[in-house]
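Under the numbering used here, residue 369 is the last one in the sequence shown; the count climbs by one each step, no gaps.
Data block below; observations after.
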Amino acid sequence: MSGGAGGAGAARAPGVSGGAVLPPPLRDGRGRVVRDHARGLPWHRCPGCDRAIPPDVRRCSSRRCPEFAPTWARDTRRRLLENLRLVRLSVMFSVTAPGADVYPFESAFCKHGAGVKCSGTIGCRVSRADEKSFNSGAGKAWSDLHRRAKIRADRATGVRGRLLARVWEKQKRGLAHLHGVIAVSTPDELAWAQAYLTALRELAPAHGFGFVDGWEKVGRKLWPGDQAGAYLSSYFVSGRGRKASISENVQDGNLPRVLVLVGVHLTQQTGITMRSLRLARRLWAIREGLIEPDGLVGWDAVVAACVLDRQPLPARGP
Ligand SMILES: [Zn+2]
Ligand SMILES: [Zn+2]
C-alpha cells in the first residue's frame with residue numbers, strides 16, 4: 052500500500068473527506084491556536100457546521116452537520132436494513148405525544164381560514180415553546196416508559212423480550228414521535244409483544260405520552276424484517292445514490308439525541324453499527340491511498356474489512 056497523501060487526485064468516495072487535509076486551526080478570543088492539553092495538537096472548526104473538532108479527528112460526525120448528514124443518513128439506512136433483515140416477522144407500533152388538549156395548536160402558524168379545524172396535516176403546529184419542552188424531555192421519558200413496560204411484559208410472560216429497533220421522527224405539528232419494532236416470529240415473541248404493547252398503552256399517560264395503538268390494531272399487520280427496516284429508514288433518507296435526499300429529521304436539533312437505536316443482539320450478529328460503518332469508510336480511504344494506513348488494527352480492522360467487502364463477521368475468539 053503506497054499510503055500518504057499522494058492520492059490527492061484520486062476519486063473520492065461519498066462520505067470520505069479528501070485525504071489528511073484538516074480545516075484551519077481553531078483560535079481563541081486572542082487569536083491563539085487552541086491546543087489539546089496532552090498532545091499539544093491544534094483543534095479545528097468543522098467547515099460544515101462550525102463545531103469544534105478534536106486534534107486528530109479528521110471530520111465532523113454530527114448528524115446535524117450539513118457536510119456529514121448525508122453520510123449519517125446512508126449509514127443509518129444500511130444499519131436498519133441489514134440488522135432487521137435477520138428478523139422473520141415483526142410488528143411496528145408508534146408512541147405519540149399528547150393531543151391538542153395538552154399541546155394546543157398555535158394560531159400564529161395557521162394558514163387556513165376561520166371555521167376550519169386545526170390539524171397537523173394542513174400545516175398547523177404547536178408553539179415553539181411546547182415543541183421544545185416536549186421534545187427535549189422525550190428521550191428520557193421514553194426510556195423510563197419502555198423500562199417499566201418491559202418489566203411488566205417480562206413478568207407476565209416469563210420471557211425476556213426486547214425491542215429490535217426504534218426511531219424518532221417529528222410529526223407535522225412539531226412534536227417528537229416514536230416508532231418501534233418488535234419480533235413476532237415465535238409464540239413466545241408474540242406473547243411478549245402483546246403484553247408489552249398493552250403495558251405501553253396503559254403506562255404512556257403517566258410518562259407524558261399520548262396515544263399508543265392497541266394490540267388489536269398493531270397485531271393486524273406483520274412486517275418481514277427487511278420491510279420494517281426500509282419503512283423506518285424512509286424517515287431519514289429517500290431515493291438512492293446521487294438522487295438520495297435526506298429528511299429534515301436528520302438535522303433537527305430538537306429531536307432526542309439518539310435518533311435511531313438498533314438492538315445489540317442484532318448488531319452483534321451482523322457487525323453493522325455506526326462505528327463499524329465509519330471504520331469501513333476509513334479502510335476504503337486507506338486502500339485508495341487517500342489516508343495513512345495507521346491506527347486501524349485488531350478486531351476493528353477485521354470488522355472494517357467485513358463491512359466494506361460485505362462479508363459475514365467471523366466468530367469472535369475469547
Ligand atoms: Zn460539521
Ligand atoms: Zn390551525
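Don't be surprised by glycine CBs; every beta carbon is placed ideally from N, CA and C.
Predicted, not measured: the structure shown is a model, and the values here were computed from it.
Taking the Cβ of Asp101 as the reference point, at least one heavy atom of ligand 1 falls within a distance shorter than 8 Å. Per the coordinates, the alpha-carbon of Lys183 lies some 43 Å from the alpha-carbon of Asp345. At least one heavy atom of ligand 2 falls within 8 Å of the beta-carbon of Ser170. DSSP, read as helix, strand or coil, puts Lys191 in helix. Taking the CA atoms as reference points, Val210 sits about 39 Å from Pro121.
Assignment of alpha helix (DSSP H) within the region 169-228, counting only whole runs of 4 or more residues, yields 179-208 in chain order. For Pro117, the distance from the CB to the nearest heavy atom of ligand 1 is below 8 Å. Taking the C-beta atoms as reference points, Val311 is found nearer than 9 Å to Thr127.
The alpha-carbon of Glu133 is positioned some 23 Å away from that of His228.
Annotated as distal: Gly212 and Ala255, with beta-carbon spacing of 9 Å or more. A heavy atom of ligand 1 is found nearer than 8 Å to the CB of Cys97.
For Phe156, the three-state secondary structure derived from DSSP is strand. The Cβ atoms of Leu359 and Leu334 lie closer than 9 Å to each other. Pairing Gln222 with Glu343, the inter-Cα distance amounts to about 44 Å. Between Phe144 and Leu248, the gap from beta carbon to beta carbon is short of 9 Å. Closer than 8 Å to some heavy atom of ligand 2: that does not describe the Cβ of Phe260. Ligand 2 approaches Val167 closely enough that one of its heavy atoms is under 8 Å from the residue's Cβ.
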